[in-house]
Amino acid sequence: MNNLISRAKELLESKTVNVVIGYEAGPTGLARPAFITDSAKADKLIYDERCVQNLAVYLTKAEVKNFGKMAIVARLPVMRSIMMLISEQQVIGDNLIILGISEDNSLLDIASISVMQGYIDKCDLGNPSKDREILAELNKMTPEEKFSWWQNQFSKCIKCYACRQACPMCYCIRCTVEVNQPQWIPVQANAHGNTEWHILRAMHLAGRCISCGECGRACPVGIPCHLLTMQLADQVWNYFHVHAGTSDKMNSVLSTYEPNDKESFII
Amino acid sequence: MSDFEPKVVAFVCNWCTYAGADLTGTSRLKYASNVKIIRFPCTGRIDFMLLLKAFANGADGIIVSGCHPNDCHYTSGNFHAKRRWIMFKELMDFMGIDMNRVTFSWVSAAEGAKWAEVVNETVTRIREMGPYVSYKELVNKTIEEEVKNE
Amino acid sequence: METTRKLIRKHSLELLYKKLSASNKVYAPVTATDKQVEYKYNPPFSDVTFDHIRSTLSVKNLVFPKVENLFIFSNSKTESSITDVNLNLLPNVVLWGSHPCDNAAFDILRSIFCWDINDEFFSKRLEKVTVIGLACHTSDDYCFCTSTGNAPNSVKGSDILLSKLSGGDYIAEFITAKGSSILASSPELFENETEEKAVIAVVNTKFSHEQVTEKLQTAFEHPFWVENSLRCIGCGACTYVCPTCACFDIQDETKGKEGRRYRSWDSCGFGLFTLHTSGHNPRHVQSQRWRQRIMHKFSYMPDRNESLGCVGCGRCSSACPVDMNISEQLEALQNI
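Residue numbers (my numbering), protein chains in the order written: chain L, 9 to 275; chain S, 3 to 152; chain P, 86 to 421.
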């Protein structure tokens, strides 16, 4: 943590960056995103298990972009998000300094995007183990059980779109759900509207989800909607052998193809 | 349910399956009249949301059909579609939404007979499965009713 | 006016609950499997929680549902017809065990929905609700009811207010005629008050809302908004869980020749909320939307509706994925 603070100070003092995006402790003890622009305030930066939000979500936010050059505290999911954002041309890698944090919470020396790629390649890119267990349980259910399990979850949805807003990959200025000519998704937060919203969100993240679980964590009513995108992340690996966010030059899985993609259901 | 006539919506590409369906007609081949064909430029243009729209508006079954791999008028639209449907099917299976109600097929402009087969097979299957009650319920459930049922 | 106070034993409370459920829908809080506290219609009494600090969602959906039909329409070649929703069919609802913050919100909602024109949908629903409140005996860091003029045992908005006694029984305070009629119909369930004291949560005052309102008069252009809303991701969680946020969106949903017009919750936190057809958006960045939320509750509403737009329940802070803590921000605003 001291390394992180001194590195942040150094970057701000030398005007290498205009802002350091990291975490600070809030009044209730929770960690929350912090934007440090003054090196004197860099001491507020913390890094521990409480720091869970995916900070990459800010890289596409208008007010944050205005800072220009910035540094960002990044653990593996944030690094992978950054990779996705660069590959989708939403973020310019040169404007970014990665303050990488390893699994054991120490500062990594990540001098460039290719170094970051090297680090990502060495990591376990599957879904987090606790989610893997739930997914395995769900996959054992019958279709009827799955349907009622999910309907029960969706019945809580209030369509606040926290899942979307918390996701670094959901950067569209106008989401499909906000398009009303034609109206693709029913606006109302009822069984129909909620189900289709979650289908839409998951499909638009197929092959792009980097399994950070931020959507499920952000949900104020506790819908584990991250399981939907994580299931698809698993399937993307099974079918296409691709992990999202592993290169700054990859094409998104659903906007590319291999002639020999295998399926068994098209007659 | 003996008088149940399934409503089937077919999303087809202009260049292969639509022409194939045309051939079925000009060849005087009879097939189930339950199908309503909607023509698209390419299978690559068929958004998964259209399938949901069809179900929401009362379809009991769906057919999605286009050019065989390597035959796409736009070179790769059907390859893209294939990936999309692989993911969509996996997601639907995970959410417990019945994908046996959707037929995916490749029907070329020369396969008039195959088109008749695809439609007949789908209509027979959906007839056995009965109306898609669970999705219709989902749609018709307004909040008022939800409150009443609680 | 002096209110009637009676003792009600825990087992009598259960009898009361059962009696009320027989002739009403009772809307009571239960702890779900995932530890969230949610309100349900007629849950078994054994499931009803008396110890929750705050439910995940407020109870405003009783009077302002997340989706509400306004009318049904159908078109033929020659004419259109409109069928109103029959509001007289609404059932009587007993809101059971909601805390004083939530109950105080009904008056605030009324000041919005019946400000100039009486919103029938809202007021008809409110008429049907009897509120049996429950004073808070626990609180947490997010609570700040005392800073907004409320209290953990405030009777505002309740027809009956229950307060837990240290021995586990309850004191019932009958505040309105609706409340007294319950006493009149089941006098056998109540006993005379004893010396035993109620356990009331301690909620320290964090700021003076009068001072905040005063400061906000000149704070519109203050850099505070930009500095403190950078981390806001622009979701609607705070407004949707809020007991007093009342913004809605009106939509038509048509299927063939028939359709319905409904309203559903909307949020000033969304960019789309203020987007004009021209493409211009008067609140084009998140800091302006965050400012709007605070200004509306603490400046515009005191000006126009003569009531604060906040009850201090702390839900928005606890629901926020990025810890936009409203009481902390108001405390800071008091001192800018």
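Glycine included, each C-beta is placed from N, C-alpha and C at the ideal position.
Quantities reported herein were computed from a predicted structural model and do not represent experimental measurements.
#1: Just checking, does the region 92 to 99 of chain S make contact with the region 65 to 76 of chain S on the three C-beta pairs under 8 Å criterion?
#2: Of all the residues that make up the region 68 to 98 of chain L, which are near chain P by a beta-carbon distance shorter than 7 Å?
#3: Where P/V178 and P/C330 are concerned, what is the direct C-alpha to C-alpha distance, given to the nearest angstrom?
#4: What's the C-alpha gap between S/G22 and S/V121?
#5: At the 8 Å Cβ level, is L/L38 part of the contact set with chain P, yes or no?
#6: For P/F309 and P/L418, I'd like the C-alpha separation in whole angstroms.
#7: For L/L208, does the count of other Cβ atoms within 10 angstroms reach 16, so buried, or fall short, so exposed?
#8: Name the chain P residues whose beta carbon is nearer than 9 Å to that of L/P267?
#9: Could you tell me if S/E139 is buried or exposed, where buried requires 16 or more neighbouring beta carbons within 10 angstroms of its beta carbon?
#10: Using the three-state DSSP reduction, which class does L/E222 fall into: helix, strand or coil?
#11: Do P/L142 and L/V229 have their C-beta atoms within less than 8 Å of each other?
#12: Can you give me, in chain order, the residues of the region 330 to 341 of chain P that have a beta carbon less than 9 Å from any beta carbon in chain L?
#13: How far does the beta strand (DSSP E) with S/F42 in it extend, from its first residue to its last?
#14: Have a look at P/V407, P/N420 and P/E416 and flag the residue whose alpha-carbon is nearest the alpha-carbon of L/L38.
#15: S/Y33 by DSSP, collapsed to three states: which one?
#16: For L/V261, return the contacting residues in chain S, with the cut-off set at a CB-CB distance below 9 Å.
#17: If contact means a Cβ-Cβ distance below 9 Å, which residues of the region 379 to 407 of chain P contact chain L?
#18: Between the region 124 to 155 of chain L and chain S, which residues of the former have a C-beta closer than 9 Å to a C-beta of the latter?
#19: Is the CB of S/D73 under 8 Å away from at least one CB in chain L?
#20: Who are the neighbours of S/V120 on chain L, taking C-beta pairs under 9 Å?
#21: Would you check if the distance between the CB atom of P/P477 and the CB atom of P/A257 is smaller than 8 Å?
#22: Following a CB-centred definition, is S/S78 positioned closer than 7 Å to any heavy atom of the ligand MN?
#23: In this structure, does DSSP put S/V149 in helix, strand or coil?
#24: With 8 Å as the threshold, decide whether the Cβ of L/I106 is near any Cβ in chain P.
#25: To be precise: take each residue of the region 213 to 245 of chain L, compare its Cβ to all Cβ atoms of chain P, and keep it if any distance is under 9 Å. Which residues remain?
#26: Alpha carbon to alpha carbon, what distance is there between S/D62 and S/A56?
#27: Residue range of the beta strand (DSSP E) that L/W192 falls in?
#28: Name the DSSP bridge partner or partners of S/S107?
#29: Specify, as a first and last residue, the run of the alpha helix (DSSP H) that L/K240 falls within.
#30: Tell me which residues share the same chain as P/V133 and place their Cβ nearer than 8 Å to its Cβ, disregarding the 5 neighbours each side in the sequence.
#31: Identify which residue in L/V28, L/P35, L/K257 and L/A48 has its Cα closest to the Cα of L/A42.
#32: Please list the segments of the alpha helix (DSSP H) lying wholly inside the region 10 to 55 of chain L, counting only runs of 4 or more residues, in order along the chain.
#33: Across which residues does DSSP place P/D337 in a beta bridge pair?
#34: Taking a contact to mean a Cβ-Cβ separation below 8 Å, would you say P/C398 touches P/C230 in this structure?
#35: Consult DSSP for P/S183 and reduce its assignment to one of helix, strand or coil.
#36: Going by the CB atoms, is the gap between S/M51 and L/W192 shorter than 8 Å?
Well, looking at it:
#1: no
#2: A70, E71 and V72
#3: As a position in the third sequence, residue 178 of chain P is number 93, starting the count at 1. As a position in the third sequence, residue 330 of chain P is number 245, starting the count at 1. In this structure, the straight-line span from the alpha carbon of P/V178 to that of P/C330 is close to 21 Å.
#4: Position 20 of the second sequence, counting from 1, holds the residue named residue 22 of chain S. Position 119 of the second sequence, counting from 1, holds the residue named residue 121 of chain S. Using only the alpha carbons, I get a separation of about 12 Å.
#5: In the first sequence, the residue the question calls residue 38 of chain L occupies position 30. Chain P contact via Cβ: present.
#6: Reading the third sequence from its first residue, position 224 is the one you call residue 309 of chain P. Reading the third sequence from its first residue, position 333 is the one you call residue 418 of chain P. Distance between the alpha carbons of P/F309 and P/L418: 8 Å.
#7: Here residue 208 of chain L is taken as the residue at index 200 of the first sequence, counted from 1. That one is buried.
#8: Position 259 of the first sequence, counted from the start, is the residue given in the question as residue 267 of chain L. In chain order: nothing, as chain P lies at least about 40 Å away.
#9: Your numbering for residue 139 of chain S matches position 137 in the second sequence. It is exposed - the Cβ of S/E139 has fewer than 16 other Cβ atoms within 10 Å.
#10: For the purposes of this step, residue 222 of chain L is taken as the residue at position 214 of the first sequence. The three-state reading of DSSP puts L/E222 in helix, counting H, G and I together.
#11: Residue numbering aside, residue 142 of chain P sits at position 57 when the third sequence is read from its first letter. Residue numbering aside, residue 229 of chain L sits at position 221 when the first sequence is read from its first letter. Their beta carbons are under 8 Å apart, which means P/L142 touches L/V229 by this criterion.
#12: Residues passing the 9 Å Cβ filter: D334, Q336 and E338.
#13: Sequence index remark: in the second sequence, residue 42 of chain S carries index 40 (1-based). Note, S/F42: beta strand (DSSP E), V37 to F42.
#14: Translated into the one-based positions of the first sequence, residue 38 of chain L becomes position 30. If we check each option's Cα against that of L/L38, P/V407 comes out closest.
#15: Mapped onto the second sequence, residue 33 of chain S falls at position 31. Three-state result, S/Y33: coil.
#16: Here residue 261 of chain L refers to the residue found at position 253 of the first sequence. The contacting residues are R85 and M89.
#17: Of all residues in the region 379 to 407 of chain P, only R400, S402, S403, A404, C405, P406 and V407 come within less than 9 Å of chain L when Cβ atoms are compared, listed by chain position.
#18: L143, L146, N147, M149, T150, P151, E152, E153, K154 and F155
#19: Numbered from its first residue, the second sequence carries residue 73 of chain S at position 71. Not closer than 8 Å to any Cβ of chain L, the Cβ of S/D73 fails to qualify, so no.
#20: Translated into positions along the second sequence, residue 120 of chain S becomes position 118. Within chain L, the residues near S/V120 are I275.
#21: Beyond the ends of chain P as shown, which are 86 and 421, falls residue 477 of chain P; an answer cannot be given.
#22: In the structure shown, the ligand MN is absent, as is every other ligand, since no ligand is present at all.
#23: Reading the second sequence from its first residue, position 147 is the one you call residue 149 of chain S. Confidence at S/V149 is low in this model, with a pLDDT of 49, below 50, so its placement is unreliable and no value can be given for it.
#24: Position 98 of the first sequence, counted from the first residue, corresponds to residue 106 of chain L. No Cβ of chain P is located within less than 8 Å of the beta carbon of L/I106.
#25: For chain P, the residues of the region 213 to 245 of chain L that bring a beta carbon within less than 9 Å of one of its beta carbons are E222, R225, A226, C227, P228, V229, G230 and P232, in chain order.
#26: By 1-based counting over the second sequence, the position of residue 56 of chain S is 54. By 1-based counting over the second sequence, the position of residue 62 of chain S is 60. Between S/A56 and S/D62, the C-alpha separation is close to 9 Å.
#27: Numbered from its first residue, the first sequence carries residue 192 of chain L at position 184. Per DSSP, L/W192 lies in no beta strand (DSSP E) and is assigned neither H nor E.
#28: Position 105 of the second sequence, counted from the first residue, corresponds to residue 107 of chain S. According to DSSP, which records beta bridges pairwise, S/S107 is partnered with S/S67.
#29: As a first step, residue 240 of chain L must be located in the first sequence, where it is residue number 232. At residue 240 of chain L the sequence reads Leu, which differs from the Lys that was named. In the DSSP annotation of this structure, the continuous segment of the alpha helix (DSSP H) that includes L/L240 starts and ends at H234 to F248.
#30: As a working note, residue 133 of chain P is residue 48 in the third sequence. Excluding residues within five positions, the ones whose Cβ falls inside 8 Å are Y102, A113, P114, V115, W181 and G182.
#31: Here the question's residue 42 of chain L lines up with position 34 in the first sequence. Of L/V28, L/P35, L/K257 and L/A48, the residue nearest in Cα terms is L/V28.
#32: If we require 4 residues or more, the alpha helix (DSSP H) runs fully inside the region 10 to 55 of chain L come out as 10 to 21.
#33: Position 252 of the third sequence holds residue 337 of chain P. P/R346, per the DSSP bridge assignment.
#34: Looking up residue 398 of chain P in the third sequence gives position 313. Looking up residue 230 of chain P in the third sequence gives position 145. Yes; because the gap between Cβ atoms is below 8 Å, this pair is in contact.
#35: For the purposes of this step, residue 183 of chain P is taken as residue 98 along the third sequence, with counting starting at 1. When secondary structure is reduced to three states using DSSP, P/S183 falls in the strand class.
#36: Walking along the first sequence from the start, residue 192 of chain L turns up at place 184. Walking along the second sequence from the start, residue 51 of chain S turns up at place 49. In this structure, S/M51 lies closer than 8 Å to L/W192 by Cβ.
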